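Heads up: the protein sequence lines correspond to chains A and B, in order. Just so we're aligned: 102 in the numbering used here is position 102 of the first sequence, and the numbers increase by one with no gaps anywhere. Here the numbering used here runs 169 ahead of the position in the second sequence, where the first position is 1. Built from N, CA and C at the ideal position, the CB exists for glycine as well. It should be emphasised that the depicted structure is a prediction, and the values quoted were computed from it without experimental measurement.
2 protein chains.
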Amino acid sequence: MDRFVSTFTNKIDAKGRVSVPASFRAVLERDGYTSGIPGGIYCYPSLDAPALDAGGQSLAKTIDRLLDGLPDYSDERDELSVALYGDVHIIPVDQDGRIVLPEALRAHAGLCTHVAFVGLGTKFQMWEPARFEERRGRAREKVHRHRQLFGAGSRPAQGDRGGEGGARE
Amino acid sequence: MDRFVSTFTNKIDAKGRVSVPASFRAVLERDGYTSGIPGGIYCYPSLDAPALDAGGQSLAKTIDRLLDGLPDYSDERDELSVALYGDVHIIPVDQDGRIVLPEALRAHAGLCTHVAFVGLGTKFQMWEPARFEERRGRAREKVHRHRQLFGAGSRPAQGDRGGEGGARE
DNA sequence: CCAAAACCCATGTAATCCCATATAGGCCCA
DNA sequence: TGGGCCTATATGGGATTACATGGGTTTTGG
């Protein structure tokens, strides 16, 4: 298992903890944090969605690479660093596989009682379940409209229901 | 943990002390500026922002390298040397993980009751929280405007499997 | 001798660990 | 093939620890 796939909805408990889906944890075990503390999640607010982006080491490297391309001590670099690094949180995963999302992150995604974990391959997102459903609906519609452009070949013939949504509750 | 990541806001007490975030201290434990003071912080006023730049040995080295790159006895080098070295302070961290910022530094950043510690990877900055929020807003906006450029650049990094084209956020 | 800095200890809050439990899904065996 | 067992996973809650912060005390330096 080396990619984040499928969607799971888990509950935030009284202490603010949420279980990371086991299959995501499996991915993070390989891609998780480097030497030392295994299991850290690299997490930051999505730039243009009310959601959180998260992933392991490879996601962190992506951002590092982005900044390494900029000259040291340029105005630009500092500004970008602030936006990219300043909002990032390294979230430890406890031994039961749970995380606690900082207030700033919860606020950005509007998280309150439940979190939808959405696998996106090399990273995953965390959504307020209702908002995600709404977003998903629009995405499906968009795909539908453009289907002919993609061509028949790319349609894997399985219906829209990806078989998830109700991992719990 | 080997990089300064994320943002924390701590309070300045009656004696002018502030706690350095624990995770930053962890980085400094390995990278601290050990010139007599183990775990000391290399700190100076940011050149182009009302903030303070701080870090450990690697930051000090980066600055040295920057100056080494300039021709000896050039005006530019002298100017930069003064600007960078002139205001550098080596700040000791007490055994509870707190520092006291010299008046000159506090003045430059406009610090008074609280300090926002902003991780920027190899270094971190200290801001007056309100000013930082303002700066962060601008930085986000800038990233947003340029995001397609970044998107293109970072694609190969995480997209070794191709796919997930639809995983747009 | 005074002021400022460094040191040491105390405390409340928040995060972390650890254990318990339920529920779901897979597996084995009849 | 169906049913029951077994394991993995999510979740709840109590106990423990870490951390930021406040305040008193000692040291240092002018």
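Any chain A beta carbon closer than 8 angstroms to residue i
{"i": "B/Ala191", "result": "no"}
{"i": "B/Arg186", "result": "no"}
{"i": "B/Thr407", "result": "Here chain B covers residues 170 to 338 and nothing more, so residue 407 of chain B does not appear."}
{"i": "B/Ser243", "result": "no"}
{"i": "B/Ala183", "result": "no"}
{"i": "B/Val174", "result": "yes"}
is_contact[residue i, chain B] using C-beta, thresh 8 angstroms
{"i": "A/Val88", "result": "yes"}
{"i": "A/Ala83", "result": "yes"}
{"i": "A/Glu29", "result": "no"}
{"i": "A/Leu101", "result": "no"}
{"i": "A/Glu128", "result": "no"}
{"i": "A/Asp78", "result": "yes"}
Euclidean distance between Cα positions of residue i and residue j
{"i": "B/Ala276", "j": "B/Leu270", "result": "10 angstroms"}
{"i": "A/Lys11", "j": "A/Val18", "result": "6 angstroms"}
{"i": "A/Gly40", "j": "A/Met126", "result": "16 angstroms"}
{"i": "B/Val257", "j": "A/Phe124", "result": "41 angstroms"}
{"i": "B/Val189", "j": "B/Gly290", "result": "16 angstroms"}
{"i": "A/Gln95", "j": "B/Asp200", "result": "28 angstroms"}
{"i": "B/Arg304", "j": "A/Val143", "result": "38 angstroms"}
{"i": "B/Ile260", "j": "B/Tyr213", "result": "10 angstroms"}
{"i": "B/Ala229", "j": "A/Leu59", "result": "28 angstroms"}
{"i": "B/Arg172", "j": "B/Leu235", "result": "20 angstroms"}
{"i": "A/Gln57", "j": "A/Ile63", "result": "10 angstroms"}
{"i": "B/Phe286", "j": "A/Glu133", "result": "36 angstroms"}
{"i": "A/Gly16", "j": "A/Thr113", "result": "9 angstroms"}
{"i": "A/Glu131", "j": "A/Val115", "result": "Contrary to the premise, residue 131 of chain A reads as Arg rather than Glu in this sequence. Taking the straight line from one Cα to the other gives about 10 angstroms."}
{"i": "A/Glu76", "j": "A/Tyr42", "result": "23 angstroms"}
{"i": "B/Leu249", "j": "A/Val5", "result": "50 angstroms"}
{"i": "B/Leu274", "j": "A/Arg145", "result": "58 angstroms"}
{"i": "A/Ser46", "j": "B/Asp247", "result": "43 angstroms"}
{"i": "B/Ala308", "j": "B/Gly224", "result": "22 angstroms"}
{"i": "B/Glu310", "j": "A/Glu103", "result": "21 angstroms"}
{"i": "A/Val82", "j": "B/Leu253", "result": "21 angstroms"}
{"i": "B/Gly288", "j": "A/Asp68", "result": "15 angstroms"}
{"i": "A/Ile99", "j": "A/Val93", "result": "5 angstroms"}
{"i": "B/Thr178", "j": "A/Gly137", "result": "39 angstroms"}
{"i": "A/Ser23", "j": "A/Thr7", "result": "10 angstroms"}
{"i": "B/Asp182", "j": "A/Gly86", "result": "24 angstroms"}
- Relative to chain A, which residues along the region 274 to 289 of chain B have a C-beta separation below 8 angstroms, given in chain order? Val287, Gly288, Leu289
- Run through the region 3 to 37 of chain A for me and flag every whole beta strand (DSSP E) of 3 or more residues, listed as ranges in chain order. 7 to 11, 17 to 19
- Message: If we require 4 or more residues per run, which alpha helix (DSSP H) segments fall completely within the region 49 to 119 of chain A?
- Response: 57 to 68, 75 to 85, 103 to 109
- Quick one: which residues of the region 300 to 318 of chain B get their C-beta closer than 9 angstroms to a C-beta of chain A? List them in chain order. Phe301, Arg304, Arg305, Arg307, Ala308, Arg309, Glu310, Lys311, Val312, His313, His315, Arg316
- Message: Can you confirm whether the region 40 to 57 of chain A touches the region 108 to 127 of chain A when touching is taken to mean that 3 or more C-beta pairs between the two stretches lie within less than 8 angstroms?
- Response: yes
- For the region 183 to 197 of chain B against the region 232 to 243 of chain B, are there 3 or more C-beta pairs whose distance is under 8 angstroms? no
- Check each residue of the region 207 to 235 of chain B: if its Cβ is closer than 8 angstroms to any Cβ of chain A, include it; give the result in chain order. Ser215, Leu216, Asp217, Ala218, Thr231, Leu235
- Inside the region 291 to 321 of chain B only - beta strand (DSSP E) runs reaching at least 3 residues: 293 to 296
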